[in-house]
Amino acid sequence: MKNQTNQRRNFLKKSSLLTASMLTTTSLVANANGFLPSESFPTSDNESLYIVGPMKGYSPQVGTLLSMMNMMRHWVVQSVEFLTQKQLDFQMDEESNSIGAMLYHLASTERAYQMSTFGEYKANYAKTRKEWDEQWALAQNLGSKARNKIKGHNIKYYLDILKKVRDHTKKEFVKRDDQWLMEQIPRGFGGKPTNNYAMWFHVCEHESNHRGQIKLIKKRM
226 MKNQTNQRRN FLKKSSLLTA SMLTTTSLVA NANGFLPSES FPTSDNESLY
276 IVGPMKGYSP QVGTLLSMMN MMRHWVVQSV EFLTQKQLDF QMDEESNSIG
326 AMLYHLASTE RAYQMSTFGE YKANYAKTRK EWDEQWALAQ NLGSKARNKI
376 KGHNIKYYLD ILKKVRDHTK KEFVKRDDQW LMEQIPRGFG GKPTNNYAMW
426 FHVCEHESNH RGQIKLIKKR M
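Residue numbers (this note's numbering): 226 to 446.
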């Protein structure tokens, strides 16, 4: 019984120290407004590559979200940047997608969320829908048609598409604040309410899922 009491005290002591440490850390990174001054934020993607947190030029939560997206993108690029055209077109079987098609799919997914959350459909539905149908729908849906058409390109082709789409995301993120991230959308995933933060978090975790698929395909080559 005495031993159990001592263990409990030690646990509570350690918990208190951990809490105090977290509070101290929080106080070090927060100013009167609750955030670091912008001068303390990382100034470039490379500087903050493995740091999840605010980035200079963006509101705190938007920058934090972008930092996660940048890290995930870096890992995806690392896994494909030296692949040949033949490797990018490789399919494990007749029903599987190539790495090249998946890279295009990642760009199309991000573009879809740009169109939705940046208000592009509302601003000009006809123009936005035309762009979607002509440039992105095939890669978004994948399937047999995409497998037959998305091939024969080198890695620069896919990385350029990914970069162009991501550059647009960054440009639009600069214009938005944390309140925008929290704006609710009545019908999102599964018809349930969501918000812009969840939508863009999905863009990041979706990329993580396909990174796992890319690693598997590379092992099967």
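Where is the CB? At the ideal position from N, CA and C, for every residue including glycine. From a predicted model like this one, the values you see are computed outputs, not experimental measurements.
What number of angstroms, rounded off, separates the C-alpha of residue 416 from the C-alpha of residue 366? 20 angstroms
With distances taken Cα to Cα, identify the nearest neighbour of residue 398 among 338, 311 and 368. For the residues 338, 311 and 368, the minimum Cα distance to residue 398 belongs to 338.
Indicate whether residue 375 and residue 326 have their beta-carbon atoms separated by less than 7 angstroms. Yes, the pair counts as a contact, with Cβ atoms nearer than the cut-off.
Quick one: give me the first and last residue of the alpha helix (DSSP H) that residue 421 is part of. Unbroken alpha helix (DSSP H) run through residue 421: 421 to 445.
Identify the continuous alpha helix (DSSP H) that holds residue 290 and give its terminal residues. 285 to 305
Sequence-distant residues of the same chain with beta carbon closer than 8 angstroms to residue 411, five excluded per side: 418
Could you pull the start and end residues of the alpha helix (DSSP H) that residue 330 belongs to? 324 to 342
From the DSSP output, in three-state form, read off residue 410 for me. For residue 410, the secondary structure class from DSSP, reduced to helix, strand or coil, is strand.
Using 7 angstroms as the threshold, is the C-beta distance between residue 288 and residue 297 below it? no
Let me know the secondary structure DSSP gives residue 315 once reduced to three states. coil
Spatial neighbours of residue 361 in its chain, beta-carbon cut-off 6 angstroms, leaving aside the 5 residues before and after: Within the same chain, 333 and 336 come within 6 angstroms of residue 361 by CB-CB distance, once the 5 residues on both sides are set aside.
Please work out which residues of its chain come closer than 8 angstroms, Cβ to Cβ, to residue 304, disregarding the five sequence neighbours upstream and downstream, and give them in chain order. 436, 439, 440 and 443
Per DSSP, what kind of secondary structure is residue 369 in: helix, strand or coil? helix
Taking one C-beta from the segment 310 to 327 and one from the segment 343 to 360 each time, how about it: are there three or more such pairs within less than 8 angstroms? no
Applying the criterion that 16 or more other CB atoms from any shown protein chain within 10 Å of the CB defines a buried residue, is residue 348 buried or exposed? exposed
Buried or exposed (CB count within 10 angstroms, at least 16 for buried), residue 369: Exposed is the call here.
So residue 395 packs on residue 291, CB below 8 angstroms; how close in whole Å? 7 angstroms
Classify residue 275 as buried or exposed, calling it buried when 16 or more other Cβ atoms lie within 10 Å of its own Cβ. Using a 10 angstroms sphere on the CB of residue 275, the tally of other CB atoms stays under 16, which defines it as exposed.
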